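Heads up: the sequence shown at position 96 corresponds to 96 in full-length UniProt numbering, and the numbers run straight through without jumps. No residue lacks a Cβ here, since even glycine has one placed at the ideal position from N, Cα and C. For clarity, every value in this text was computed on a predicted model and none was experimentally measured.
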Amino acid sequence: MFIVNVEGAIYSDGKWLLIRRSDKEEHAGGLLSLVGGKCEVEGNSRDILERTLHKEILEEVGIEVEVSKYVNSSSFVTETGLNVIDLVFLCEHKSGEAYAKSSDEVDDVMWMTTSEILTHSDAPDYLKENVKLADIKLEK
């Protein structure tokens with residue numbers, strides 16, 4: 001079985017919204033990340049990926065977004081052996097001022113350009129790849 005995780009590549013005014021994951025987080029604690037989280041078991045439901053993304057973004061950084069395009073999917077295994085499918089969606093910032101709302105999950109929020117992300121030492125390779133792919137989606 002897999003955990004299904006969704007992430008928002010949130011874009012506004014030439015920059016991407018990133019979080020610094022809390023050191024308390026099991027996976028990638030202390031590193032930069034897109035905003036998102038895992039889907040909960042709901043039984044029969046519709047639009048679970050989009051609804052989960054809206055909920056996680058609001059809970060973690062306190063903003064509203066519009067989910068616009070699918071970016072990519074990948075899979076990975078966490079440090080504790082959990083199998084995760086990760087889906088990234090391009091999102092547009094609609095309202096609210098981003099802040100570290102969930103201190104258990106988020107230490108800080110920051111808006112960064114693509115080039116700043118690609119050269120940042122705390123940006124893992126998978127984040128850099130997701131941002132490059134999301135950047136391409138912006139142009140289409």
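Asked	Found
Would Tyr-70 be called buried (16 or more neighbouring beta carbons within 10 Å of its own) or exposed?	exposed
Less than 8 angstroms between the CB atoms is what I'm expecting for Val-41 and Leu-53, so what's the real figure, rounded?	Contact flag wrong, Cβ pair sits at about 17 angstroms.
Touching or not, the region 98–110 and the region 58–65, by the rule of three or more beta carbon pairs under 8 angstroms?	yes
Compute the Euclidean distance between the alpha carbons of Glu-105 and Leu-32, then round it to the nearest angstrom.	12 angstroms
Considering only their Cβ atoms, is the gap separating Val-88 from Phe-76 smaller than 7 angstroms?	no
Measuring alpha carbon to alpha carbon, tell me which residue in Tyr-11, Leu-82, Lys-137 is nearest Ile-63.	Tyr-11
Can you name the residues that DSSP bridges to Gly-36?	Glu-7
Using the three-state DSSP reduction, which class does His-54 fall into: helix, strand or coil?	helix
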